[in-house]
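Under mature numbering (1 follows the signal peptide of the UniProt record, and there is no 0), residues -22 to -1, 1 to 188 are what the sequence shown spells out, in order.
Each remark here refers to the structure printed beneath this line.
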Amino acid sequence: MRSVFACLLLLATLLSAPFAEAQNLLGDTRAPYSADRTVVTGGKSYVGRVYAEPGRQRHEQDLNGLPLVAILRADRKVAWLELAPLHVFTDFPFPAAITDYADDRQLGPALGTETVGGEATKKYRIERQGTDGSQVYGYAWITDDGIVMKLDGAFVEPSGRETRASYELSHVKRGPQPPALFDLPAGMSRLPPEALAPLMGIKLKPPARG
């Protein structure tokens, strides 16, 4: 699941809020929508659901029999991972490769047009490096109203760990989404990532000893 989350951080590259006051979001959707979502990474496919509105996304995924929710909040530059049945969550700040940029021209000119999931899109190159050493690079296919229909690329952590992944939407339905989808439910307890990981069947590398 770590690979899936890294793919969502790659997606967050297109959701970062570069202007704190204007909330002008790079590549952000201008059309609220819901869709089926497929992530392919490490030779495995993960099928789930996504709900989105400007600056916010919710991704739903079953993991080892548990429903996992990832919420990306560009307005707060934070991602939440939630295990609702256990009433616990953890949070991650967006890496600098996402938050260091403040200009939608970073996408550059479109490289061409393609139809993805029945939607007309333009293809863009993504290539960024943050001050913390994190990097994102690859390609994005985006509709004229800002829906990221497809991603193919990699997220590199400050440690140098690289995760390659692809992401694609299908059955897109435009329309308002319930605001509660993009907030944590009441009564959730925060756990650090290293405490939540075993509950999701993830093995994290132990911290280095000085």
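In this text, a Cβ means the ideal position worked out from N, Cα and C, and glycines have one as well.
Inset, instruction - Can you tell me which of the three DSSP states residue 171 falls into? - result: Taking the sequence shown and counting its residues from 1, the one referred to as residue 171 is at position 193. Helix, per DSSP.
Inset, instruction - Note the first and the last residue of the continuous beta strand (DSSP E) segment covering residue 12. - result: Here residue 12 refers to the residue found at position 34 of the sequence shown. Element bounds for residue 12: 11 to 19.
Inset, instruction - Could you spell out where the beta strand (DSSP E) holding residue 48 opens and where it closes? - result: Sequence index remark: in the sequence shown, residue 48 carries index 70 (1-based). Start and end: 44 to 51.
Inset, instruction - Report yes if the C-beta of residue 30 is less than 7 Å from at least one heavy atom of the ligand NAD; otherwise report no. - result: Among the components modelled here there is no ligand, and therefore nothing to report on the ligand NAD.
Inset, instruction - Would you identify the three-state DSSP class for residue 118, choosing helix, strand or coil? - result: In the sequence shown, counting from the first residue as 1, residue 118 sits at position 140. Three-state result, residue 118: strand.
Legend entry - residue 41 to residue 110 span [Cα, whole Å]: On the sequence shown, residue 41 is found 63 positions in, with the first residue counted as 1. On the sequence shown, residue 110 is found 132 positions in, with the first residue counted as 1. If you take the alpha carbons of residue 41 and residue 110, they lie about 30 Å apart.
Inset, instruction - Could you name the residues that DSSP lists as bridge partners for residue 40? - result: Locating residue 40 in the sequence shown gives position 62, where the first residue counts as 1. Answer is 45.
Inset, instruction - Could you pull out every residue in the same chain whose Cβ sits closer than 8 Å to the Cβ of residue 67, ignoring the five residues on either side in sequence? - result: In the sequence shown, the residue the question calls residue 67 occupies position 89. Hits under 8 Å: 58, 59, 60, 61, 162, 166, 167, 168, 169 and 174.
Inset, instruction - Using beta-carbon positions only, say whether residue 127 and residue 147 come within less than 8 Å of one another. - result: The count along the sequence shown starts at 1 and reaches residue 127 at position 149. The count along the sequence shown starts at 1 and reaches residue 147 at position 169. Closer than 8 Å, so yes.
Legend entry - Beta-bridge pairing of residue 134 - partner residues as DSSP gives them: Here the question's residue 134 lines up with position 156 in the sequence shown. Partner(s): 113 and 140.
Inset, instruction - Counting only the same chain and skipping the five closest in sequence on each side, list residues whose C-beta sits under 7 Å from that of residue 65. - result: For the purposes of this step, residue 65 is identified with residue 87 of the sequence shown, where counting begins at 1. Here the set comprises 165, 166 and 167.
Legend entry - Classification of residue 273 by the beta-carbon crowding that lies within 10 angstroms, buried from 16 upward: It is not possible to answer for residue 273, since the shown part of the chain is limited to -22 through 188.
Inset, instruction - Would you list the one or two residues that DSSP bridges to residue 30? - result: Residue mapping note: residue 30 aligns to position 52 of the sequence shown, counting from 1. BP columns for residue 30 point to 11 and 35.
Legend entry - Contact under 8 Å by Cβ, residue 50 with residue 34: Taking the first residue of the sequence shown as 1, we reach residue 50 at position 72. Taking the first residue of the sequence shown as 1, we reach residue 34 at position 56. It is a contact, given that the beta carbons lie within the stated cut-off.
Legend entry - Inter-residue spacing [alpha-carbon to alpha-carbon] between residue 97 and residue 86: Taking the sequence shown and counting its residues from 1, the one referred to as residue 97 is at position 119. Taking the sequence shown and counting its residues from 1, the one referred to as residue 86 is at position 108. Roughly 21 Å between the two C-alpha positions.
Inset, instruction - Going by DSSP, name the residue or residues bridged to residue 57. - result: Within the sequence shown, residue 57 is the residue found at index 79, counting from 1. DSSP, once it has assigned bridges, lists 50 and 70 as partnering residue 57.
Legend entry - Local Cβ density within 10 Å of residue 112, reported as buried at 16 or more and exposed below that: Residue numbering aside, residue 112 sits at position 134 when the sequence shown is read from its first letter. Buried: at least 16 other Cβ atoms inside 10 Å.
Inset, instruction - Using the Cα positions of residue 171 and residue 69, report the straight-line distance between them to the nearest angstrom. - result: Along the sequence shown, read from residue 1 onward, the residue named residue 171 stands at position 193. Along the sequence shown, read from residue 1 onward, the residue named residue 69 stands at position 91. Distance between the alpha carbons of residue 171 and residue 69 is about 7 Å.
Legend entry - residue 98 - containing beta strand (DSSP E), residue span: In the sequence shown, the residue the question calls residue 98 occupies position 120. That run of the beta strand (DSSP E) goes 97 to 107.
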